[in-house]
Structures are given as structure tokens and as C-alpha cells.
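*Asks:* Below is the structure I would like to discuss, written out as C-alpha cells.
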Amino acid sequence: MAEETLLEIKNLVTAFQTEAGTIRAVEDVSFSVKKGQTIGLVGESGCGKSVTSLSIMRLLPKPFGRIESGEVLLDNQDLLKLPANEMQHIRGNRISMIFQEPMTALNPVHRIGKQIGEAFMLHQPEMDERTIYKESIEMLRQVGIPAPEQRVQEYPHQLSGGMRQRVMIAIALACKPDILIADEPTTALDVTIQAQILELMKSLQTASGMAIIFITHDLGVIAEVCDEVVVMYAGKIAEKAPVCDLFQSPKHPYTQGLLSAIPKLENPPKQKLQTIEGTVPDLMNLPAGCRFQNRCSYMEAPCQSQSPLLEKVNSTHFVSCHRWKEI
Amino acid sequence: MSEYFLEVKNLKKHFPIYGGVFLRQIASVFALDGVSFGIKKGETIGLVGESGCGKTTLGRTILRLYDPTEGEIYFQNVNITQLPQKKMQSMRREMQMIFQDPFESLNSRHTVRSILEEPFIIHKIGTHKEREKKIDELLERVELPSSAKDRYPHEFSGGQRQRIGIARAIALEPKLIVCDEPVSALDVSIQSQILNLLLDLQQSMGLTYIFIAHDLSVVKHISDHVIVMYLGHVVEFIEAKIINQNPLHPYTQALVSAIPIPDPTIKKKKIILQGDVPSPIHPPSGCRFHTRCPYVQEICKNEIPALTNHSSDGEHLVACHFAGEIGNSL
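Residue numbers (our numbering), protein chains in the order written: chain E, 977 to 1303; chain R, 950 to 1279.
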């Protein structure tokens, strides 16, 4: 695997304007994606993982969402400073995205073929219609859809959930992007179908060498597909580490809590699970200091006043906790 | 007298599909197609399977929220299959339900007080004062502050809302609760809180649960026995503690192996099933699973396998022609 940094996110801050005031959904998030690597963004609802990905694509809902500061560097070029038409060229060709709910992401009144073709028309306008049609069929074949010649003529409702997600992947990969952002691509699917989709994504990655930013709340999926993991909590990075480090020696109390809260198949039934008490703080009135303090069993005076910085555990493992050395 | 608290015999539920010019019945959805099992008092039975396998239909038919097409349901040795609505209503004091989506199952225009008071009003229990006291007790039981009474559902987080749903279900001190995917809409850290609460309530109130979920590790965690369903059929009835070690049906084996394990050092070999679940309108002939089964033989396409016992001690029922013979690669 080439150790070449493809995408770098530096100190990203994204805010939303609401009736009650401004909330910062993402605050000071930095990470980088290397070529061919899969990076996992994990966290609970509202932790800012999807907003991070929308910020990278510059697809925040307007006019409420706004990137306040930070940089998103793709090959050292800041995407946040690009004019809209150049950004349009980056989307699809360099970075593309798949979403959680394939039924809402696909247009129900257009045939599958047209929707894949649209990706080519928008991002590679030099292609003629016949090539587009051929390429669309080829894409469907690549994502493992049987009888693609017939499927291009069908509408989304004629396909099952797993098939629709395959079509979404086909659209996203149509223009052979360098980076694929997958926002909970398997959450709406059954486990046996999820296994199929994960397998497909892995084999497509091996074939094309693209990088994947994989957003999910399922730590099992993270363990299976990712090389590196970013754990987010209430808009900030709690911990960042290579996947084996994170699961074997989690440093942040939140990561530790999450890992012990999952029911595991090898454990005997009817045992009490460990829990993280309480709930995620409201982004409108965040506590001063560490955002995890109200649920943390290691909380001390400095946690209530000072925000912890992302500290280095070793060259690849970072944690944002005042007391990580002791716990 | 049967030893079971709840017994289901050959239960079928077919939903008609109407069509054509005269809106005649043109087909049926075979949601449940001959399901039998029994639960002992204080036990939890987990129902797992993929979307459309009939697990929710089974849960609802047991409570008679759907009328069964065929078969019998015995609750505490009373046949409730044909019970008239009036009698069924008083029966429902003892059987309650917790729903998946705590956002949709609570009336957003009612305060928590009126949501929790309603079961008492319907069943004409207690005076206003007594009910008020009951509501306080219920909130304490599900670990919510009593100040929650005057607030509306939207003021609570998903986990707290699920607690309100649970409080409503246990209000009349039922004996059986059907939990329909109670934790699938929740985050991991909240999910574990709710699972612990359900376990606590079961111990303190002696509840019997039917726990429906698609996540096998959650089901295993809370159940004594697990029923694996596929397209309206029970394919395996197994003790929860051995489900990851000794599943005998190829579908259960595939389900177990498809669960992503939160440990990157374990690289297990997965059984990846091809294709999708067939439509329950046109279920395959013979064994329902034969279209996706890696071990399919000629007999599977023609004959429906019966549920047979495969354990010397206790119950381990499997519906497969080749149970015990096919590779258990786990």
C-alpha cells in the first residue's frame, strides 16, 4: 500500500444556523486519508460523522450549514476555496458518495440505466450516448447484478434493498473516483445482504485502489473493513488510531465504554451489559471542558474546565482525554 | 395441562392481495406458514430472521392484533385463537407489546402522564389519585424522573422514549411482553441500558418475553431459546447459549457467520449467501431456503423438511433434510 496522503482534513469546523442560535456540529476535526486505505468514522447519532462527510463534499444544506474554518486538502489543493463549477468536477470524478437509504437516494421515476448514465453525462461530458449505455451495463456487471442488460431498463422499486445499494455503488464508482465516502451503506440492510455488500466494496477497492471513508455506528463493521478509525463524540474527535490498536488498547473512556457495551456472540446469554450512563449532551448547551464529562467515570476537576487536546499516544494513535495515561 | 405458558400450534397467517377489475383475491402473502413452539413462564424466546421472514407478524398474531388464518394459540392453557374481542381485551391486560420506533409509538400530543394513565383508564383500574401514584412508581421503575410526567414525548431522547414505551407496557403488570425490535433504533450505548432494564424487569416482575430482533448478538444476549425464521417457517429452535457453537441449519450458520465481530484480529471465514430472500407471495417449493442454500440437493426442492429434534438432552429442533450432516465450519 502506498503511503501517499490523498486527502487531508485540517481543523474543520462546521456550524449550523438554527432558530435557537448557532450550533457547531463539527469542531476541530483533522484526519488524513491515504491512497487505497479505508478509514472509519464511528460515533453515535448526532456526533457529527455525516456532517464531516458532507463538509468534505461541500454538500451542506444551504443556507443553514456553513464551514466556519479549516481546510480540506485533496492533493494539496484546498477544496473549500474552489469555485462551485470546479468543485462540481471534483465530485464524482475524484470523490463520490453513497448514502444509507438507497430508496431515497435513487429517483423512483427514472430507469436504473438513466441514473447511472447521469453520472457520466455530468462528470464526463465528452462521452456519447452509446458509450454511456454500454458503460452503465458494465458498471452493473461489476457490482454483481445478474442480467444487467435487463436491469438497466428497470425502475428502483423493482429491485431489492441489496440490489439498490449495489446500483448506488455503481453510480458512485461510475467515474472511477479516488475516494469513496460511504455513509452507513449497510445500516438499512439485513446481515446476510450486508455481508455481500461489504465483500463487494472490498473487492472493488482491491481492483481500483481507491480510498474509502466509511461512516458507521457499528463497531463490528469497522473492525472488519477499516485500516484506521476515527471515533467521534459530540462533534469532536475522541480517539484516532489504527484499527488493531483501537480495539486492543482503547485509551479514551468513551471508546472503552462503547466496546464493552456491545453484546458479543461468544458471551453467555442473560448477563448484564456494561453501560455508559446518561445521554449525549445537547450541542446547544455543551458543558465547558471535556464533552464526555457527564458520562465519564474518570471525571476530575480539569475535565470540567479545560477541553482536552488530541494528544499523541504513539506515532499513529491519538486520544483526546486529560487522564488517558492513568486509565 | 401443558407445561407451556404460551403455546403456538401450526399457526398460519396469510394476507390476501386483491387485484383485477373486480378486486378479487388474486394471491396471498404467506407471512406465517405453520409455526409451532412453546414458552415456559419467565423465559425469553428470541425471534430472529431477515426482513419479511414473518417475525413481526408472529408477534402480532400471538397478541391477536392479527387474526390467524389457521392454527391455535394457547395462553396459560386457554385457547385464545377464537376469543371474542371483549374477552380478548381483558386478556390483553396480561399480554403487552413494546414497539420498535419510540418516535411513532407514542402519541406526540399527549403528555407522558396521559400516555401512562391510558392503560388504567381503558381497563377501569383505580381512582385518579391511585393512578397518579402508579405513574410515579412506573417512572421510577424505568429510571425516569417524576418530573417527566408533564412533558411531551418530543422532549425526550430515543432511549428515554423507549423507557416510556416500556413503562406503558408494564403498567398493568402483564405476564407476557412481545418486544418488537425494541433496541434496533437506538445507539449502542443506549441499547445496552435498555437491554439491562429489560433483564431487570424480567427478574423483578417474573415476565415472559418474546423478543423480536434482526441482530443475532442482541437476541442471544437476552434469550433463553432462539427461534430462527425464514420466509414464514421456523428453521431452527435452539438454546441461546449454543447458537454460535452448534447451529445446525445452514441458514443459521450463515446468519452467525455474517455478523461482523468487533475484533479486527479475528478473521473468520464467512459464509456469504448468494441472492436475496425470495418473495413470500411466491415462496419456493420444498425447503424455503433451497434457492440460497450452499448444500442444496434434489430432495430440498420437492419436500418441505419437518422440524426434528437433534439433541439428546433438551430441545434443539432443526428443519433441514441434512441437519447434522452438513459442514459446520464455525
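Glycine included, C-beta positions come from ideal geometry on N, C-alpha and C.
1) Give every residue of the same chain whose Cβ lies closer than 6 Å to the Cβ of E:L1017, excluding the five residues on either side of it in the sequence, and list them in chain order.
2) Shorter than 8 Å from the beta carbon of E:D1166 to some beta carbon of chain R?
3) Between which residues of its own chain and E:V1143 is the CB-CB distance below 6 Å, once the five residues before and five after are set aside?
4) Straight-line CA distance for E:L1286 to E:V1128?
5) Rounded to the nearest angstrom, what separates R:G1008 and E:A1183 at their Cα positions?
6) Between E:V1009, E:E1003, E:P1239, E:A991, which lies nearest to E:I1157 when the distance is taken from Cα to Cα?
7) I think R:V957 touches R:P1229, with their Cβ atoms under 8 Å apart; what is that distance to the nearest whole Å?
8) What number of angstroms, rounded off, separates the C-alpha of E:N987 from the C-alpha of E:I1147?
9) Measure how close the beta-carbons of E:I1155 and E:M1186 come, nearest whole angstrom, since I'm counting them as under 8 Å.
10) Tell me, please, whether the CB atom of R:V1177 is closer than 8 Å to any CB atom in chain E?
11) Under a CB-based cut-off of 8 Å, is R:T1240 close to chain E?
12) R:L1266 bridges to which residues according to DSSP?
13) Can you tell which of E:S1006, E:E1077, E:L982, E:L1116 has the C-alpha that lies nearest to the C-alpha of E:E1160?
14) Under 8 Å between C-beta atoms, does E:H1193 make it to chain R?
15) List the DSSP bridge partners of E:L1017.
16) Work out the CA separation of R:E1043 and E:T1217 for me, nearest whole Å.
17) Look at the alpha carbon of R:K1035 and the alpha carbon of E:V1167, and state the distance between them as a whole number of angstroms.
18) Could you work out which residues of chain R lie near E:G1138, taking near to mean beta carbons separated by less than 7 Å?
19) Taking the alpha helix (DSSP H) that E:M1097 falls in, what are its first and last residues?
20) Please report the residue range of the beta strand (DSSP E) in which R:E1247 lies.
21) For chain E, find out if any of its Cβ atoms is closer than 8 Å to the Cβ of R:N1193; answer yes or no.
22) Less than 8 Å between CB atoms is the rule here; does R:E1019 satisfy it with respect to chain E?
23) Per DSSP, what kind of secondary structure is E:Q1280 in: helix, strand or coil?
24) Would R:P1033 count as contacting chain E if we go by Cβ distances under 8 Å?
25) Along the chain, where does the alpha helix (DSSP H) containing E:P1153 start, and where does it finish?
26) Under a CB-based cut-off of 8 Å, is R:I966 close to chain E?
27) Counting only runs that start and end within the stretch 1018 to 1081 of chain R, where is the beta strand (DSSP E) found for 3 or more residues in a row?
28) Applying the 10 Å Cβ sphere with the 16-neighbour rule, what's the burial state of R:I966?
29) In angstroms with no decimal places, state the Cα-to-Cα distance between E:E1302 and E:S1283.
30) Would DSSP call E:M1079 helix, strand or coil?
31) Have a look at the DSSP bridge pairing and note the partners of R:D982.
32) Quick check: the stretch 993 to 1008 of chain R against the stretch 1016 to 1034 of chain R, are at least 3 beta-carbon pairs closer than 8 Å?
33) Between R:S1261 and chain E, is any beta-carbon pair separated by less than 8 Å?
34) Mind checking if E:P1084 is an interface residue toward chain R, Cβ cutoff 8 Å exclusive?
35) I want to know whether the stretch 1234 to 1249 of chain E touches the stretch 1122 to 1141 of chain R - three or more CB-CB distances under 8 Å.
36) Take R:S1260 as the anchor and find which of R:I1275, R:L1156, R:P1196 has the nearest alpha-carbon.
*Replies:* The answer reads as follows:
1) K1025, I1191, V1206
2) yes
3) I1088
4) 48 Å
5) 45 Å
6) E:V1009
7) Wrong, their Cβ atoms sit about 19 Å apart, outside the cutoff.
8) 31 Å
9) 6 Å
10) no
11) no
12) R:F1186, R:N1258
13) E:E1077
14) yes
15) E:I1191, E:V1206
16) One point to set straight first is that residue 1217 of chain E is Ala, not Thr, in the sequence displayed. Their backbone Cα atoms lie some 50 Å apart in a straight line.
17) 41 Å
18) D1225
19) 1088 to 1099
20) Careful: R:E1247 lies outside any beta strand (DSSP E), inside the alpha helix (DSSP H) at 1247 to 1251.
21) yes
22) no
23) helix
24) no
25) Neither: E:P1153 is in no alpha helix (DSSP H) and is coded neither H nor E.
26) no
27) 1019 to 1024, 1044 to 1047
28) exposed
29) 18 Å
30) helix
31) R:K961
32) no
33) no
34) no
35) yes
36) R:P1196
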